[in-house]
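Sequence order for the protein chains is A and B.
Residues in the first sequence are numbered consecutively from 3, following our numbering.
Residues in the second sequence are numbered consecutively from 20, following our numbering.
All C-beta atoms in this analysis are idealised placements derived from N, C-alpha and C, irrespective of residue type, glycine included.
Note that this is a predicted model, so its numbers are computed, not measured.
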Amino acid sequence: GAVVSQHPSWVICKSGTSVKIECRSLDFQATTMFWYRQFPKQSLMLMATSNEGSKATYEQGVEKDKFLINHASLTLSTLTVTSAHPEDSSFYICSARAPRTLNTEAFFGQGTRLTVV
Amino acid sequence: DAKTTQPPSMDCAEGRAANLPCNHSTISGNEYVYWYRQIHSQGPQYIIHGLKNNETNEMASLIITEDRKSSTLILPHATLRDTAVYYCIVRVPFRTGFQKLVFGTGTRLLVSP
Numbered sequence: 003g004a005v006v007s008q009h010p011s012w013v014i015c016k017s018g019t020s021v022k023i024e025c026r027s028l029d030f031q032a033t034t035m036f037w038y039r040q041f042p043k044q045s046l047m048l049m050a051t052s053n054e055g056s057k058a059t060y061e062q063g064v065e066k067d068k069f070l071i072n073h074a075s076l077t078l079s080t081l082t083v084t085s086a087h088p089e090d091s092s093f094y095i096c097s098a099r100a101p102r103t104l105n106t107e108a109f110f111g112q113g114t115r116l117t118v119v
Numbered sequence: 020d021a022k023t024t025q026p027p028s029m030d031c032a033e034g035r036a037a038n039l040p041c042n043h044s045t046i047s048g049n050e051y052v053y054w055y056r057q058i059h060s061q062g063p064q065y066i067i068h069g070l071k072n073n074e075t076n077e078m079a080s081l082i083i084t085e086d087r088k089s090s091t092l093i094l095p096h097a098t099l100r101d102t103a104v105y106y107c108i109v110r111v112p113f114r115t116g117f118q119k120l121v122f123g124t125g126t127r128l129l130v131s132p
């Protein structure tokens, strides 16, 4: 079945630095990808929708200059957390919209746990 | 997208059927019911979806009431590995146009030995 791969699975960074998270669709082309953030014991919160070749659409309250999203190809979207602070520590999950031929709607990456110290 | 209501938590004994309810009283005619689950520290996993007929696959069964205002996800023989948070989402399919995939609070299912 279709697979979405996130990299890295976990990362620890110093406060003030930037971190890039990659989301790849391994065996299908994904024109639309979604980025979520999840705090402990909470549900997934949609941050933004990424469309290949165009600007991402951010949800209300999500700073687009802090969470930079690039969807330069049909198989890769990246999320860069700029000038990270401890409050940005969270579990970040990407999702790719599945091809129409498949029965599911979206495939999810395994998530990236970001810890800012 | 229609709002859904799920119990925050449920328990189930291993080997028994787990029945997870979801209320979606404001569902509209072209909205489907989707179920995903999230095992701890992993990304969500698709389980099943349906419009108005009951559906079954290798993972679960989905029972949708005739008025479509509620549904039940059934795991026929729950195992310890089914312990997860289960999300019920009601929305129109992606193929009908551009939408988001938004998660509610879900039901935390604990399967015990």
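* Exposed or buried, which one is Glu85(B) when buried takes at least 16 other CB atoms within 10 Å? -> exposed
* Asked: If we cut at 8 Å on Cβ distances, does Ala108(A) have a partner in chain B?
  -> yes
* For Gly69(B), decide whether its Cβ has a neighbour in chain A, counting only Cβ atoms nearer than 8 Å. => no
* Starting from the C-beta of Pro40(B), find all residues in its chain whose C-beta is less than 6 Å away, skip the five residues before and the five after it, and write them out in chain order. => Thr91
* **Within chain A, partners of Pro63(B) - CB distance below 8 Å** => Result: Leu46, Ile95, Ser97, Phe110.
* Asked: So, helix, strand or coil for Glu24(A), using DSSP?
  -> strand
* Comparing alpha-carbon positions, which option in Leu120(B), Thr102(B), Pro132(B), Ile108(B) lies nearest Gln57(B)? -> Thr102(B)
* **First through last residue of the beta strand (DSSP E) which encompasses Asn53(A)** => 47-53
* To do: For Val121(B), return the contacting residues in chain A, with the cut-off set at a CB-CB distance below 7 Å.
  => Going along chain A in sequence order, the residues near Val121(B) (Cβ under 7 Å) are Leu48.
* Asked: Under a CB-based cut-off of 8 Å, is Tyr53(B) close to chain A?
  -> yes
* **Pair within 8 Å by beta-carbon distance, Ser20(A) and Ser85(A)** => yes
* To do: Using a Cβ cut-off of 7 Å, pull out every chain B residue sitting near Thr51(A), in sequence order please.
  => Lys119
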